[in-house]
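> Just dropping this structure here.
Residue numbers (this note's numbering), protein chains in the order written: chain A, 10 to 315; chain B, 3 to 306.
What follows is the structure, given as structure tokens:
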């Protein structure tokens with residue numbers, strides 16, 4: 010990376026934004042009657058240690074185009090809301106049956122399966138509502154807001170994250186694991202980047218680049234996550250620790266660690282290649298986008314507590 | 003007055019409903035194509051195309067046409083209302099909620115496709131409703147479409163459908179449910195989506211703020227009316243006639259209007275709501291208002 014890029018302090022950028030995003034999310038879900046549902050929604054959305062990767066991607070891309078982050082906050086919060094909604098539903102007993110999320114009990118374990126379903130159902134529309142009512146119309150035209158709505162709805166819908174979750178559940182063939190990864194982890198990152206572009210006024214050509222960039226970063230992050238998981242499991246085995254439970258099937262496990270590492274390198278360079286040309290046009294504002302790619306591989310500092 | 007009567011007489015409700023339902027069904031069919039993953043899209047189509055009466059979409063279109071808009075500009079919002087209605091039924095029918103096996107005379111979604119698919123199909127229908135409004139509405143200004151998105155979002159989340167279901171779950175089995183709580187449940191579970199269907203239609207049709215608010219009030223009345231009539235039918239009709247398990251509300255100790263205030267008073271309340279609804283339409287051209295008047299009557303006097 011160039012000297013200019015290495016000067017960019019991603020950790021400060023990220024943690025500063027997390028504080029702002031957490032504050033806005035806190036305000037966007039005030040507790041009303043019937044209290045239970047708001048508590049359940051808040052429990053998941055305001056979970057301590059959430060990385061807020063989607064909101065931050067969205068804001069950074071919006072800022073690339075020199076548009077104030079104020080234009081992006083409502084969409085950023087909405088991305089987090091729909092993300093949490095799908096995680097709540099993914100954790101349900103009939104789905105992945107996960108009792109824990111970020112090191113604490115999952116939503117249904119605390120509020121019951123019925124409330125967890127409803128909390129998810131309420132978070133999706135709250136996200137959309139938040140975008141249309143809180144995006145400053147002086148910064149973003151209504152036509153762009155509609156494109157953002159369409160983009161998020163597509164990403165979470167039947168050909169996006171729902172498809173990923175469905176294929177994951179049905180024990181997709183090994184040959185489909187890569188596709189499941191794309192749908193479960195690439196889709197939201199792609200959507201976040203594209204939304205940032207829409208809010209920032211990107212051209213159609215720029216949006217296409219951001220789409221590919223976002224998808225590559227999302228999948229890259231997950232592939233590295235899986236490689237680290239395999240390494241952790243190995244260390245635990247060698248250390249003779251009791252194996253609590255066998256980790257989930259993953260792309261890295263299916264293809265093996267060597268191939269996964271190759272894939273990660275390829276994704277890293279593919280993601281960066283999509284950013285070609287942005288630096289010339291937008292200068293150092295592109296730095297956060299490069300640093301996300303490197304961070305996905307290097308994990309040189311800790312964010313959140315997943 | 004004589005003229006008005008004549009107009010109502012000339013309006014053929016059955017053919018109106020049939021015609022509108024046919025175009026809504028065609029639009030819904032086109033809105034969800036069968037694609038990968040097939041099972042998810044089959045499940046969405048199974049419930050969405052199960053042949054409901056399409057009351058919400060038709061209300062949306064009728065309101066749009068009443069204020070001078072055309073059917074085509076209301077169709078995406080109309081379809082979205084039906085998608086949301088369907089998704090809420092799919093989720094409400096789940097074993098962990100109301101645990102219903104039968105809906106519109108057919109096995110419920112989770113009975114056919116399993117619970118995980120039913121949850122996901124509901125989520126996908128919710129998302130599709132917004133995608134459809136945002137992408138498929140043509141000939142309407144983005145400012146108006148944004149208002150439509152907001153209207154729909156408000157009516158289905160924790161201030162709308164979800165709130166109604168939460169309070170409903172909380173009061174099931176309770177012996178001391180009060181009238182205002184029952185009304186809260188019905189307003190949120192039923193009336194708000196009928197309201198937003200009508201209001202979305204009025205907005206895309208280019209209605210003035212005053213017209214939109216009149217129609218909002220109209221819809222509120224018929225929304226509550228819808229549920230009062232539902233409660234009455236549950237006591238007076240058999241399962242076969244209803245296409246769902248009758249008397250379930252009584253058996254499961256669910257609070258209903260007849261239980262709280264008696265059958266006669268429930269019927270009187272229904273009449274009052276119907277009258278109040280129609281009063282909201284008195285300033286509109288009677289010919290153009292005929293479909294909404296007839297829809298209110300249909301809701302008030304339907305037999306299933």
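C-beta atoms are modelled at their ideal positions from N, C-alpha and C, and glycine is treated no differently. Note that the structure is a prediction, hence the values are computed from the model and not measured.
Shorter than 7 angstroms from the beta carbon of residue 344 of chain A to some beta carbon of chain B?
With chain A covering 10 to 315 only, the question about residue 344 of chain A has no answer from this structure.
> Is the segment 168-188 of chain B in contact with the segment 132-145 of chain B, if contact means three or more CB pairs nearer than 8 angstroms?
no
> Starting from residue 296 of chain A and walking both ways along the alpha helix (DSSP H), at which residues does that stretch end?
296-307
> Tell me which residues share the same chain as residue 259 of chain B and place their Cβ nearer than 6 angstroms to its Cβ, disregarding the 5 neighbours each side in the sequence.
230, 233, 268
> Taking a contact to mean a Cβ-Cβ separation below 7 angstroms, would you say residue 196 of chain B touches residue 204 of chain B in this structure?
no
> Thinking just about the alpha-carbon of each residue, which of A:119, A:241, A:20, A:222 is nearest to the one in residue 279 of chain A?
A:222
> Is there a Cβ from chain B that is less than 7 angstroms from the Cβ of residue 166 of chain A?
yes
> Anything in the segment 123-147 of chain B with a Cβ closer than 7 angstroms to a Cβ of chain A? List those residues in chain order, please.
125, 126, 128, 129, 130, 132, 133, 136, 137, 144, 145, 147
> Within 8 angstroms, do at least three Cβ pairs link the segment 73-85 of chain A to the segment 221-239 of chain A?
Flag = no, the segment 221-239 of chain A and the segment 73-85 of chain A do not touch.
> Put residue 290 of chain B into one of helix, strand or coil per three-state DSSP.
helix
> Can you say whether residue 285 of chain B is buried or exposed, counting buried as having 16 or more other CB atoms within 10 angstroms of its CB?
exposed
> Could you tell me which residues DSSP puts in a beta bridge with residue 114 of chain A?
A:109
> Provide the residue(s) that pair with residue 104 of chain B in DSSP beta bridges, ordered along the chain.
According to DSSP, residue pairing for residue 104 of chain B in a beta bridge involves B:109.
> Under 7 angstroms Cβ-Cβ, which residues of chain A neighbour residue 39 of chain B?
172, 175, 176
> Within a Cβ cutoff of 7 angstroms, which residues of the same chain sit near residue 89 of chain B, ignoring the five residues on either side of it in sequence?
124, 127, 128
> Is there at least one Cβ from chain A nearer than 7 angstroms to residue 189 of chain B's Cβ?
no
> Could you check whether the segment 101-108 of chain A touches the segment 114-123 of chain B, counting it as contact only if at least three pairs of C-beta atoms, one from each stretch, sit closer than 8 angstroms?
yes
> Kindly indicate which residue of B:42, B:112, B:135 has the alpha-carbon position closest to the one of residue 199 of chain B.
B:135
> Examine the Cβ distances between the segment 173-189 of chain A and the segment 27-45 of chain A and report whether three or more of them are shorter than 8 angstroms.
The segment 173-189 of chain A vs the segment 27-45 of chain A: no contact.
> Under a Cβ-count criterion, where at least 16 other Cβ atoms within 10 Å of its own Cβ denotes burial, should residue 220 of chain B be classed as buried or exposed?
buried
> For residue 222 of chain A, report the span of its alpha helix (DSSP H) as first-last.
213-247
> For residue 223 of chain B, which of helix, strand or coil comes out of DSSP?
helix
> Hey, out of B:43, B:25, B:189, whose CA is closest to residue 115 of chain B's CA?
B:43
> For my contact list, residue 262 of chain B and residue 181 of chain B are in at a C-beta cut-off of 8 angstroms; report their separation, rounded to the angstrom.
6 angstroms
> Let me see if you follow: with CB-CB separation under 7 angstroms, is residue 81 of chain B close to chain A or not?
For residue 81 of chain B, not one C-beta of chain A is nearer than 7 angstroms to its own C-beta.
> So which of A:216, A:209, A:233 has the shortest CA-CA distance to residue 194 of chain A?
In terms of Cα proximity to residue 194 of chain A, the closest of A:216, A:209, A:233 is A:233.
> Excluding the 5 residues preceding and the 5 following residue 37 of chain A in the sequence, name in chain order all residues of the same chain whose CB lies nearer than 7 angstroms to its CB.
These residues qualify, in order along the chain: 86, 139.
> Check residue 142 of chain B in the structure and name its three-state DSSP category.
Secondary structure at residue 142 of chain B: coil, using DSSP grouped into helix, strand and coil.
> Between the Cα of residue 191 of chain B and those of B:133, B:163, B:132, B:56, spot the shortest distance and give me the residue it belongs to.
It is B:163.
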